[in-house]
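Trainee: Could you have a look at this structure, given as C-alpha cells, before my questions?
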Amino acid sequence: DSGVTQTPKHLITATGQRVTLRCSPRSGDLSVYWYQQSLDQGLQFLIQYYNGEERAKGNILERFSAQQFPDLHSELNLSSLELGDSALYFCASSPGGAGETQYFGPGTRLLVL
Amino acid sequence: QKEVEQDPGPLSVPEGAIVSLNCTYSNSAFQYFMWYRQYSRKGPELLMYTYSSGNKEDGRFTAQVDKSSKYISLFIRDSQPSDSATYLCAMTGGAGSYQLTFGKGTKLSVIP
Chain A
1 DSGVTQTPKH LITATGQRVT LRCSPRSGDL SVYWYQQSLD QGLQFLIQYY
51 NGEERAKGNI LERFSAQQFP DLHSELNLSS LELGDSALYF CASSPGGAGE
101 TQYFGPGTRL LVL
Chain B
1001 QKEVEQDPGP LSVPEGAIVS LNCTYSNSAF QYFMWYRQYS RKGPELLMYT
1051 YSSGNKEDGR FTAQVDKSSK YISLFIRDSQ PSDSATYLCA MTGGAGSYQL
1101 TFGKGTKLSV IP
C-alpha cells in the first residue's frame, strides 16, 4: 500500500458526460501528479500540482482540468467525455516538487460508453 | 523516435532464472531513473531509483544506468512467480522538470 488513495475505483459513464476523480496524497506529500494509462499510449503525464499551485502540464486535453485543495487532496475533472477517454487514471504523490520519487495510487478505471 | 523505448515483451522465464529488462532513451537531460512494477489492474509500485550513472542493488534487484549509451537495465536474480508483472522504466530531468516519462512496460511471466 503506497498511502495514496483514489476514488472511485471504477466509473462507467456515457459520452458527453462529466466526471470527477479524487486523490488523497501520502501524508506529508505536497505534490500530486495525474497520469492516464491506456493500452496503446502507456502511462502519460497529465498535470502536477504542488502545495495548491499548478507546477507542470503534460498532455492534458482542454476538456480536462484539475485542482489541489488546501488539505492537499486533488480532483481531476473530465468533461465532454469521448470513447477514447476510457483508460486508467492514476494519481501519484511526492514529498517535494522535483518529482523524482513518485508513489502511485491504485487508480480509477474509467469506461466511457 | 519516442523519448523512451522499452521492449514490450512478453518475456517468459523459468523460476530461478536471471531476468534482464532494458530501456533506451534519447533525452540527455534525464538524470533520475526509476523502475516500477505494475501488477494487473494495480497502480505502479516503485522498485528502484537511481541518480545518474552507476549501479544500485536491493535484494534480488539490480539497476544499472549508462548515461553515455542512454541505456538503463534492471536485473532480477532468482526470479519468482510473484515477480510476474509488467515492469516500467521511468525517468526525469530533475530540477525544473517534474514529470516522469515512462517506457511502455515489459510484461514478465515467471513460470514455476
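Chains A and B are the protein sequences, given in the same order.
Each residue of the first sequence is one higher than the last, beginning at 1 in the numbering used here.
Each residue of the second sequence is one higher than the last, beginning at 1001 in the numbering used here.
Ideal placement from N, C-alpha and C gives every residue a C-beta, glycine not left out.
What you are looking at is a predicted structure, and each value in this text was computed from that prediction instead of being measured.
1. Throw me the rounded Cβ distance for the residue 1032 of chain B and residue 1092 of chain B pair, which I believe falls under 8 Å.
2. Does the beta carbon of residue 1043 of chain B come closer than 7 Å to any beta carbon on chain A?
3. Taking 8 Å as the cut-off, does the segment 21–30 of chain A touch the segment 60–80 of chain A (at least 3 CB pairs, one atom from each stretch)?
4. Tell me whether residue 111 of chain A sits in a helix, a strand or coil according to DSSP, three-state version.
5. Looking at chain A, is there any beta carbon in it that lies within less than 7 Å of the beta carbon of residue 1102 of chain B?
6. Quick one: residues in its chain with C-beta nearer than 6 Å to the C-beta of residue 1071 of chain B, no 5 flanking neighbours on either side, listed in chain order?
7. Report yes if the CB atom of residue 1077 of chain B is closer than 7 Å to the CB atom of residue 1018 of chain B, and no otherwise.
8. With burial defined as no fewer than 16 other Cβ atoms inside 10 Å of the residue's Cβ, what is the status of residue 70 of chain A: buried or exposed?
9. Can you say whether residue 1086 of chain B is buried or exposed, counting buried as having 16 or more other CB atoms within 10 angstroms of its CB?
10. As a quick exercise: from A/44, A/30, A/82 and A/38, pick the residue whose alpha carbon is nearest that of residue 60 of chain A.
11. Here's the rule: buried if 16 or more other CB atoms are within 10 angstroms of the residue's CB, otherwise exposed. What is residue 111 of chain A?
12. Taking 7 Å as the threshold (beta carbon to beta carbon), is residue 105 of chain A in contact with chain B?
13. With distances taken between CB atoms, is the gap from residue 1043 of chain B to residue 8 of chain A smaller than 7 Å?
14. What number of angstroms, rounded off, separates the C-alpha of residue 41 of chain A from the C-alpha of residue 34 of chain A?
15. Please decide whether residue 64 of chain A counts as near chain B, where near means a Cβ-Cβ distance under 7 Å.
16. Could one say the Cβ of residue 101 of chain A lies closer than 7 Å to chain B's Cβ atoms, at least one of them?
17. Short of 7 Å in beta carbon distance, which residues of its chain neighbour residue 1004 of chain B, apart from the five on each side in sequence? Order them along the chain.
Mentor: Checking against the coordinates, here is how it stands:
1. Start at 1 with the first residue of the second sequence, and residue 1032 of chain B comes out as number 32. Start at 1 with the first residue of the second sequence, and residue 1092 of chain B comes out as number 92. Residue 1032 of chain B to residue 1092 of chain B, Cβ: 5 Å. Contact.
2. The residue labelled residue 1043 of chain B in the question sits at position 43 within the second sequence. Yes, contact with chain A.
3. yes
4. Along the first sequence, read from residue 1 onward, the residue named residue 111 of chain A stands at position 111. Residue 111 of chain A falls in the strand class under three-state DSSP.
5. The sequence position of residue 1102 of chain B within the second sequence is 102, counting from 1. Cβ-Cβ to chain A under 7 Å: yes for residue 1102 of chain B.
6. Within the second sequence, the letter at position 71 stands for residue 1071 of chain B. Once the five neighbours on either side are set aside, the close Cβ partners of residue 1071 of chain B are 1024.
7. Against the second sequence, residue 1077 of chain B aligns to sequence position 77. Against the second sequence, residue 1018 of chain B aligns to sequence position 18. Against a cut-off of 7 Å, the Cβ pair of residue 1018 of chain B and residue 1077 of chain B comes out as a contact.
8. Reading the first sequence from its first residue, position 70 is the one you call residue 70 of chain A. So residue 70 of chain A counts as exposed.
9. Start at 1 with the first residue of the second sequence, and residue 1086 of chain B comes out as number 86. Buried is the call here.
10. By one-based count along the first sequence, residue 60 of chain A stands at place 60. Closest option to residue 60 of chain A, Cα to Cα, is A/44.
11. Stepping through the first sequence from its first residue, residue 111 of chain A is reached at position 111. The residue in question, residue 111 of chain A, is exposed, as its Cβ has fewer than 16 Cβ neighbours within 10 Å.
12. Translated into positions along the first sequence, residue 105 of chain A becomes position 105. It does; some Cβ of chain B falls within 7 Å.
13. The residue labelled residue 1043 of chain B in the question sits at position 43 within the second sequence. The residue labelled residue 8 of chain A in the question sits at position 8 within the first sequence. Taking 7 Å as the Cβ cut-off, residue 1043 of chain B and residue 8 of chain A do not qualify as a contacting pair.
14. Here the question's residue 41 of chain A lines up with position 41 in the first sequence. Here the question's residue 34 of chain A lines up with position 34 in the first sequence. Approximately 15 Å, taken between the alpha carbons.
15. Taking the first sequence and counting its residues from 1, one reaches residue 64 of chain A at position 64. Closer than 7 Å: no.
16. In the first sequence, counting from the first residue as 1, residue 101 of chain A sits at position 101. Answer yes: the Cβ-Cβ gap between residue 101 of chain A and chain B drops below 7 Å somewhere.
17. Looking up residue 1004 of chain B in the second sequence gives position 4. Same-chain partners within the cutoff: 1023, 1025, 1089, 1091, 1101, 1102 and 1103.
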